[in-house]
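In my numbering, the protein residues as written are 13 to 127. Idealized CB from N, CA, C, for every residue including glycine. Here the structure comes first, spelled out in structure tokens, and everything after it is commentary.
Here you go:
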């Protein structure tokens, strides 16, 4: 998989335009270890999140060992925020937002629904 992503990374770099390249490997093949070398800026570190405390807390509290691969211009992506979707409590959503912020997760993919 790294070679396939790297081919696209080279093509994006060849455009000469600033492009953020997100690799979606769902955390498979330790993408955080080779994502930057393949030209990626961010990479999914997990499977899909659900709007549920067990899903969010398992993902959020399970990212610590991946911190060494995050740096300016390169981010571990534990999946989107579920804040405001309705299945967690207000305190659980606060924890969710706090964890993603502490993890320096990309927040640009955020979809927040207001009641």
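Chain-order list of residues whose beta-carbon lies under 7 Å from that of residue i (same chain, five-residue window excluded)
i: residue 59; result: 38 and 39
Which of helix, strand or coil DSSP assigns to residue i
i: residue 62; result: coil
Sub-8 Å separation of residue i and residue j beta-carbons
i: residue 117; j: residue 87; result: yes
i: residue 66; j: residue 99; result: no
i: residue 71; j: residue 91; result: yes
i: residue 54; j: residue 69; result: no
Proximal residues to residue i (C-beta, below 8 Å), its chain only, five neighbours per side dropped
i: residue 22; result: 51
Residue burial classification, residue i (beta-carbon count within 10 angstroms, cutoff 16)
i: residue 123; result: For residue 123, the predicted structure reports a pLDDT of 46, less than 50, and the residue's modelled location is therefore unreliable. A value from the coordinates is still provided. When all chains shown are included, residue 123 counts as exposed.
i: residue 56; result: buried
Same chain, Cβ closer than 6 Å to residue i, five either side skipped, listed in chain order
i: residue 41; result: 13
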